[in-house]
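Peer 1: The sequence shown begins at 38 in the working numbering and counts up one residue at a time.
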Amino acid sequence: GVRFIMNGANHRMDGPSTFPFPIMGGSWAEHFDLITGLPGRGDTAVGHDVWFGYRATVMPGVRIGHGAIIASGSVVVDDVPDYGIVGGNPARLIRRRYSETDINRLLALAWWDWPLQHITEHIRTIMSGSIDDLENAAPGHVETEHLDPTTPSATDR
38 GVRFIMNGAN HRMDGPSTFP FPIMGGSWAE HFDLITGLPG RGDTAVGHDV WFGYRATVMP
98 GVRIGHGAII ASGSVVVDDV PDYGIVGGNP ARLIRRRYSE TDINRLLALA WWDWPLQHIT
158 EHIRTIMSGS IDDLENAAPG HVETEHLDPT TPSATDR
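1. When you compare only the Cα positions, how much space is there between residue 74 and residue 138?
2. Please report the straight-line C-alpha distance between residue 159 and residue 102, rounded to a whole angstrom.
3. For residue 110 and residue 117, what's the separation of their Cα atoms in angstroms?
4. Check whether the stretch 166–173 and the stretch 139–148 are in contact - that is, three or more C-beta pairs closer than 8 Å.
5. Name the DSSP beta bridge partners of residue 124, please?
6. In the structure shown, what three-state DSSP assignment does residue 151 receive?
7. So for residue 191, helix, strand or coil by DSSP?
8. If you count every other CB in all the chains shown that lies within 10 Å of the CB of residue 24, and 16 or more means buried, which is it?
9. Answer with buried or exposed for residue 51, where buried requires no fewer than 16 other C-beta atoms within 10 angstroms of its C-beta.
10. Taking the alpha carbon of residue 86 as the reference point, which residue from 176, 120, 152, 173 has its own alpha carbon closest?
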């Protein structure tokens, strides 16, 4: 599985001990003020259609973009771009899955927001088609290249 570390990765480093005694409760809990002021790293956000490899770890406050791939055993400490492939400890960008132009096309299509029935009807295109195929399958897409401009439309008749 994947491990998400949620803001629990902060410890005081300005004293002799980094141990967070107050979270252990008991009489130590009265000193909770010593750990409540630690800086947060913000929300962790995961985009749509992200593949996490086995035993990947995601540290707090990172954004993992849509369509990203996180290699097995990676420790993600920085943001991962849309359609980026990262791996290692710390995880580094290996490459992008598509060109910037194609990434923008995919983000505009946002197939994960399509109605469930439409996704079901086009599952093969979503999984193995080209970006052109995906654009042609998008809800509301009108195929214009096969229309004969000399043929009157139904509204002209």
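All residues carry an ideal CB built from backbone N, CA and C; glycine is no exception.
Peer 2: If we stick to the structure as given:
1. 43 Å
2. 23 Å
3. 15 Å
4. yes
5. 129
6. coil
7. Because the pLDDT at residue 191 is just 46, under 50, the model does not fix this residue reliably, and the value given afterwards should be weighed accordingly. Looking at residue 191 - three-state DSSP - the assignment turns out to be helix.
8. With the chain running from 38 to 194 in the structure shown, residue 24 is simply not present.
9. exposed
10. 120
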